[in-house]
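Following my numbering, the numbering of the sequence shown begins with 28 at its first residue and continues without gaps.
Glycine included, every Cβ here is placed at the ideal spot set by N, Cα and C.
This structure is a prediction, so every number in the text was calculated from the model and none was measured.
What follows is one structure encoded as structure tokens, with my remarks underneath.
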Amino acid sequence: MGLLDTILGRSKPVPPDLDQLFAVPSAAVTLQAGADFAPTGLGAVCFATVEGGAFAQLQRDVRDLLDADTGRGGVPVEFSEDTYGYTWLLVRHPADDPAALVNDLHAVNTLLQDAGFGPQLLCSLIAFRDAQHRSLALVYLYKRGTFYPFAPLPGARERRDNALELQVRALLADDLRTETDLARWFPVWGAPGL
């Protein structure tokens, strides 16, 4: 960061810290004990789609990586595109193994970052559900290195449970680096896994 940046009030962006994802399994225990939300075994990575052969090869590499990591014939991996043109990669694991899910999400993020697609990475999410079938996601903002909860209201079209989100933020304050700017708690409507 130079003198001109300092004078103009520009700040250097915080580099992403993908290792923050490894805090999710302990946060899952806290979330289940404190709010009765259990992991679903579903997680997703969202990134801006890039056209071209290099990106198509990278998608094949992601599938190969996750298949090789399982040793049990492959984890079902699904690619989809949302209405905004972003690509989602959905990973499935047994609900009782959030550590394996986080390992796969970390591996995908790392592979994309190391291949030069870091600027295209938007977020990762890990899905949870409670006994009343309410959905909750812990969303990791790649460029901020922080998490926030996203809780869509069941049966409601594009409405979220803000009270639950704030409750989860308070509950997980010691487990995760939470995004302090609520304006950055972007809704991820229709995200795979929710």
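{"Query": "What's the gap between the Cα of Arg99 and the Cα of Ala134?", "Result": "Bear in mind that a pLDDT of 44 at Arg99, under 50, signals an unreliable position, so the model cannot answer this."}
{"Query": "Exposed or buried, what is Ala178 when buried is set at 16 or more other beta-carbons lying within 10 Å of its beta-carbon?", "Result": "buried"}
{"Query": "Taking the DSSP output, what are the residues bridged to Leu116?", "Result": "Val72, Phe106"}
{"Query": "So Pro52 and Ala126 are supposed to be a Cβ contact under 8 Å. How far apart are they, rounded?", "Result": "5 Å"}
{"Query": "Tell me the DSSP secondary structure of Ala50 in three-state form.", "Result": "helix"}
{"Query": "So who's on the other strand from Phe174, going by DSSP bridges?", "Result": "Tyr167, Thr205"}
{"Query": "Using 8 Å as the cut-off, can you tell me whether the region 184 to 192 makes contact with the region 137 to 151, which would need three or more C-beta pairs spanning the two stretches below that distance?", "Result": "no"}
{"Query": "What three-state label does DSSP hand Pro146 in the structure shown?", "Result": "helix"}
{"Query": "Span of the alpha helix (DSSP H) holding Glu192?", "Result": "189 to 198"}
{"Query": "Start and end of the alpha helix (DSSP H) containing His133?", "Result": "125 to 139"}
{"Query": "Which term fits Glu78, buried or exposed, when burial requires 16 or more other beta carbons within 10 angstroms of its beta carbon?", "Result": "exposed"}
{"Query": "Give the DSSP bridge partners of Pro181, in chain order.", "Result": "Note: Pro181 sits in no beta bridge, so no partner."}
{"Query": "Have a look at Pro181, His160, Pro176 and flag the residue whose alpha-carbon is nearest the alpha-carbon of Leu198.", "Result": "Pro176"}
{"Query": "My guess is that Phe64 and Phe155 are in contact by the Cβ rule of under 8 Å, so how many angstroms apart are they, rounded?", "Result": "4 Å"}
{"Query": "Please identify the residue among Leu132, Ala200, Leu191, Ala142 whose C-alpha is closest to the C-alpha of Ala62.", "Result": "Leu191"}
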